[in-house]
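So the sequences go chain by chain: H and Z.
The first sequence begins at 1 in this note's numbering and counts up by one.
The second sequence begins at 1001 in this note's numbering and counts up by one.
Ideal Cβ positions, reconstructed from N, Cα and C, are used throughout, including at glycine.
These notes are about the structure you will find just below.
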Amino acid sequence: MSKTIIVIDDSETIRDQVRLVLDEAGYQVIEAEDGTAGAAAIRANPDAVLAICDVNMPRMGGLDMLEHLKTLSLPRTPPVVMLTTEGRPDLIDRARSAGAKGWIVKPFKPNMLLATVKKIASVAA
Amino acid sequence: MNAVVAPVSRRFNAPARRESMSFEAVVAAPRVLLVDDDDGARTEAATALRAIGCTVVEASNGLDGLKAFETTRPHIAFLEVMTPFVDGFSTCRAMRDLVGGADVAIVMMTDMDDVESLRFGYEAGATDFIIKPMNSMVLQHRVRFMFRAIAAAQQNRAHELKIAHLAYHDALTGLPNRRTLSEYMQKLVVEVPRRGAVFVLDLDGFKRVNDTLGHSAGDELICEVGRRVLAAFGLETSAWKRGSRPDGQLLVRLGGDEFVFVDPRVDTAAAAQAIGERILSAIGTVFELNGHEVLVTASIGIALVGEVEGGVDELLQCADTAMYDAKAHDRNNAKFYSRALSDKTRQQVDTESALRHALADNQFVLYYQPKMSLLTNEVVGVEALLRWRHPTRGIVAPGEFIGTAEETGLIVPIGIWAFGEVCRQAKRWSERADLKGVRIAVNVSARQFRSPTFLAQVEQELLVSGVDARLIEMEITEGVLLEDTKGVRVVLDGLKRLGLQIALDDFGTGYSALGYLRQFPFDTLKIDRSFITDLLTDEGSAAITSAVVALANRLRLNVVAEGVEVAGQAEQLRRLGCDEAQGYLYSPALPPEELAAWASGRVRRLDVEEGPRRISFPRGSAIPSLRIHALLRDGI
């Protein structure tokens, strides 16, 4: 069974870039274009090894999505890593409190992303 | 993850303290941030850096590192590449975006084998990298080198700030300058449309203060005017922060004696008038300059933002036009812009460009006004007066162009031309039996007098014309004397050596100091026309005239009264012992041919070979001037 990673970002370009890296590393990628779709994808794929999520998105942002998921007290959710241009400590703090496992400031390097993904995904698996 | 290898302790050399390194002289309170989740390596590095006087803040992950950055604002941040939750590169990028983050030196800490991360670090905005495990002493030295660079950068930054300040402020007064005004006005017209008023203020008689009391007094006057206007409105020197909304009033110095005041709230003429009067009364009291009490007034031009079509430039131009109108009226007042004013100032601009061609096109001419002996009623000399034969405007009086000529510096070549022309004219007349011995007086401006080539040019003109220098008299005003006493003395002595006569013009109107009369080698004193005008009606003028004549006689100076218009004045002057007079009573200034015709037969017969007579008495001896005249007349 191939390992699944959910990529949540309103930018199609970013989703493509991330998928390219993950495809090559043998992951199966599910895409979502905002927090609402992301939350649905996470609930539908509780066994995914990881979710990579943007912060600023229309309708529902990444942090709101995390906080929303937390209130649901789901039995099992994949770990979430934020991938964003934001770097303000208060936002990073909010993500950590809401249960995020990492924060990567864009633009990302494939190897760095992969290193982080592997580290967190292996812990989750 | 890349676990940090704990430092190998044997690599550490003797205690760093022995180095007695310190940053005090380079950077005050050097601060370093260390972000590393390897507690051992971090503690070692922190200890080494504290040993050389750094304040060290430690964090074990990127998020805490960012928070620590915000609270401590370190000069240098060391970031481990692989830190939990937020990696080093992300921390680096995030840090650069924080307030002050552009200035911090960021050093990525990476393993020897992780060459790729060097590239990532550079792209994330790091300043430098250091390979782990770190040697404490190398780290200490590295940091010392870095602080030297930081100190240099800080100094550059301080200079940049100063330069930026100077770009937007006036160096003399510290007030905002034209550039600030321009930005402020751009914002004003956009953000507060159709409200506000612009006041252009210009000091009356500032040039006179500069000319008579010197430039340092002029500078002091400018500063004090600035302070007074600020105080009148309770303003700070730099009341407006660039880029912010122009809510408050602003005082700007444009240069010279010109200021601009802007009030963004004023929207009626009455309110603007009140502000204008407040400015005038703030300026219009006595100034103490170099121990002199000086009364200075200002002329203000007002333009209401709501009433001027166009942008910032038009507004300022309108206020400027109104200011010239205020000057043309009684001065010391405030005038509003109106369309009719525009046409008038255009003429001034025309004057300037036309003036530039006038000299080359031979448009200047000299008119001559006779000077009469009050005793014999004979012509003893003439004063040469400049006229401009304008191709379309006809004969233009000096009052309409001398100011512009002085401002543009054109007065210098015009003055030399006038002197040369006087020499040639004097030579021609000296060869005529009926005009022999007639002296010609010519005015010299302060600016011309200060020109370094002045003496040489005078000598040249005398030589070329072949005139007897004793026939030429130079009239200078008090303004010439005060600037640089020693230099003035040298030039005056030089003129005397060439054989020229020297007259002090407009005596009694400037910041007269009687000491000058003794200090400089004058031959003649000219009483200002204002005293003569009131001679018969005002006791004060009569008293001053009488005293000046007596003073001149005692100092054995020839004394000439200007502006004599009626016989009663001439008679009074003669009784007081005044030697000579000129004015409409005798003749207006005339073109040379007309003057020659008028003067022919009225000229005192004097042997030109002997030059103008001067009889020497011991200093201080009381010889009444009437006797001197009597002696002269008798041909002794």
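Between Z:LEU1557 and Z:THR1509, the C-beta gap is not smaller than 8 Å, which leaves the two residues out of contact. With respect to the 8 Å criterion, Z:VAL1262 and Z:VAL1198 are classified as neighbours on the basis of their beta carbons.
If you look at H:MET82, you'll find it in the beta strand (DSSP E) that goes 80-84. At a cut-off of 8 Å, the C-beta of Z:VAL1115 has no neighbouring C-beta in chain H. Assigned with DSSP and collapsed to three states, Z:GLN1363 falls in coil, not helix or strand. In the pairwise beta carbon analysis, the stretch 1385-1394 of chain Z is classified as not touching the stretch 1182-1195 of chain Z: fewer than three pairs are separated by under 8 Å.
Between Z:SER1445 and Z:GLU1400, the C-beta gap is not smaller than 8 Å, which leaves the two residues out of contact.
Residue nearest to H:GLY87 within the set Z:GLY1062, Z:VAL1104 and Z:ILE1106 is Z:GLY1062 (criterion: CA-CA distance).
Annotated three-state conformation of H:PHE108 is coil, per DSSP. Assignment of Z:ASP1036 by DSSP, reduced to helix, strand and coil, places it in the coil class. Look at Z:ASP1097: its C-beta is under 8 Å from a C-beta on chain H. Proximity to H:ALA121 across H:GLU67, H:PRO78 and H:THR13 peaks at H:PRO78, based on C-alpha coordinates.
Listed along chain H, the residues sitting closer than 9 Å to Z:LEU1066 by beta-carbon distance are GLY87, ARG88, PRO89 and ILE92. Taking 8 Å as the threshold, the shortest C-beta distance from H:LYS109 to chain Z falls below it. Secondary structure remark: continuous alpha helix (DSSP H) runs of at least 4 residues inside the stretch 1367-1424 of chain Z, in chain order: 1402-1408.
Listed along the chain, the chain H residues whose CB falls inside 7 Å of the CB of Z:PHE1089 are MET112.
Interface annotation, Z:PHE1120: in contact with chain H, CB-CB separation under 8 Å.
A distance below 8 Å separates the beta carbons of Z:MET1095 and Z:ALA1077. Annotated as proximal: H:ASP54 and H:LEU83, with beta-carbon spacing under 8 Å. For Z:GLU1258, the enclosing beta strand (DSSP E) starts and ends at 1258-1263. The residues LEU50, ALA51, ILE52, CYS53, ALA100, LYS101, GLY102, TRP103, ILE104, THR116, VAL117 and ILE120, in chain order, have a CB closer than 8 Å to that of H:VAL81 in the same chain once the five nearest residues on each side in sequence are set aside.
The beta-bridge partner set that DSSP reports for Z:SER1216 is empty. Taking the Cα of H:ILE14 as reference, the smallest distance to any Cα among H:ASN111, H:ARG59, H:LYS106 and H:ALA37 is reached at H:LYS106.
Among the residues facing chain Z, H:ILE104 is included, as its CB has a counterpart in that chain under 8 Å away.
In the three-state scheme derived from DSSP, where H, G and I count as helix and E and B as strand, Z:GLU1314 is classed as helix. Exclusion of the five residues before and after Z:LEU1315 leaves MET1185, VAL1189, VAL1198, ALA1303, VAL1305 and VAL1308 as the residues of its chain whose Cβ lies within less than 8 Å of its Cβ. Closest by C-alpha distance to Z:PHE1507, out of Z:GLU1220, Z:ALA1272, Z:TYR1516 and Z:GLY1499, is Z:TYR1516.
The criterion of a C-beta distance shorter than 8 Å is not satisfied by Z:LEU1585 and Z:VAL1560. A residue is called buried when at least 16 other Cβ atoms come within 10 angstroms of its Cβ; Z:HIS1169 meets this threshold and is buried.
By alpha-carbon distance to Z:VAL1104, the top candidate from Z:ASP1111, Z:ASP1114 and Z:CYS1092 is Z:CYS1092.
Using a Cβ-Cβ cut-off of 7 Å, Z:ARG1093 is close to GLY87 and VAL105 of chain H, given in chain order.
With its beta carbon at least 8 Å from every one in chain Z, H:THR77 lies outside the interface. Counting along the chain, Z:LYS1526 sits inside the beta strand (DSSP E) bounded by residues 1524-1527. Taking Z:GLY1499 as the centre and dropping the five residues before and after it, the same chain places the C-beta of ALA1469 and ARG1470 closer than 7 Å to its C-beta, in chain order.
Taking Z:GLN1448 as reference, the option from Z:LEU1175, Z:ARG1050 and Z:GLY1409 with the minimal CA-CA separation is Z:GLY1409. Listed in chain order, the non-local C-beta contacts of Z:PHE1419 below 7 Å within the same chain comprise VAL1442, VAL1458 and GLU1461, local neighbours out to five positions each way being set aside.
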